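All the letters of the sequence shown, read from the start, carry residue numbers -17 to 113 under my numbering.
A virtual CB, placed ideally from N, CA and C, is assigned to each residue, including glycine.
Keep in mind that this is a model prediction, so the values were computed, not measured.
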Amino acid sequence: MASITINLGDAFLLDTPPNSEHLYIAIAQTSESNYLFVNVTTRRLNSETSCVLLPGSGIPSFIVHESVIAYQFAREMDATQLALLITIGSPIPKGTCSMAVITQIQQGGLVSKRLKKRYKTALKAFLEVPP
């Protein structure tokens, strides 16, 4: 298996339950080798709206309708763990977000009511935000 490089804003299509293909974006480096990834999903009536993404400038081209970051599905991974979950045949990375979009996602994570406390703490440390 080829080595995978992770950069902030890289988006990967992961084979995760329940419907296999889910888009995850790297938003923070949490240790020397680990990164915090958040899930992008279609906006629904009960979606958290801390971060809404609309197709257009800075958004990866495969996001074609209004989407949200589902912070409750955030996960921390290193490149080895990531490689095991990437959907077979998917480009690596599938796309990249602009710095403005990464910042929008990070700021949404800081105010999210659904991001797990340990991930919010790691995000604050990465952004050098006081606890």
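* Rounded to a whole number of angstroms, what is the C-alpha to C-alpha distance between residue 87 and residue 33? -> Those two C-alpha atoms are separated by around 6 Å.
* Quick one: using the 10 Å Cβ neighbour count with 16 as the cut-off for buried, is residue 38 buried or exposed? => The residue is exposed, with fewer than 16 neighbouring Cβ atoms inside 10 Å.
* Using three-state DSSP, classify residue 12 as helix, strand or coil. => Coil.
* What is the rounded straight-line gap between the Cα of residue -2 and the Cα of residue 112? -> Annotation: residue -2 to residue 112 spans about 33 Å, alpha carbon to alpha carbon.
* Simplified DSSP assignment, three categories, for residue 85 -> DSSP places residue 85 in helix when its eight states are reduced to three.
* Taking the continuous beta strand (DSSP E) assigned at residue -2, which residues delimit it? -> Where residue -2 is concerned, the enclosing beta strand (DSSP E) starts and stops at -8 to -2.
* Taking buried to mean at least 16 other C-beta atoms within 10 Å of its own C-beta, is residue 44 buried or exposed? -> By the 10 Å Cβ count, residue 44 comes out exposed.
* **Cβ neighbours of residue 108 in the same chain (closer than 7 Å, five flanking residues each side left out)** => So the list reads 10, 11, 12, once near-sequence residues are dropped.
* To do: Check whether the Cβ atoms of residue 90 and residue 56 sit closer than 9 Å, and answer yes or no.
  => Result no, Cβ atoms of residue 90 and residue 56 do not sit closer than 9 Å.
* Asked: What residues in its chain sit with their C-beta under 6 Å from that of residue -10, if we drop five residues either side in the sequence?
  -> Once the five neighbours on either side are set aside, the close Cβ partners of residue -10 are 8, 84.
* When you compare only the Cα positions, how much space is there between residue 59 and residue -7? -> Straight-line spacing of the CA atoms in residue 59 and residue -7 works out to 13 Å.
* Assign residue 64 to one of two classes, buried (16 or more other C-beta atoms within 10 Å of its C-beta) or exposed (fewer than that). => So residue 64 ends up on the buried side.
* **Cβ shell of residue 3 (< 6 Å), same chain only, five flanking positions each side left out** => If the five residues before and after residue 3 are omitted, its C-beta is found closer than 6 Å to the C-beta atoms of -5, 69, all from its own chain and listed in chain order.
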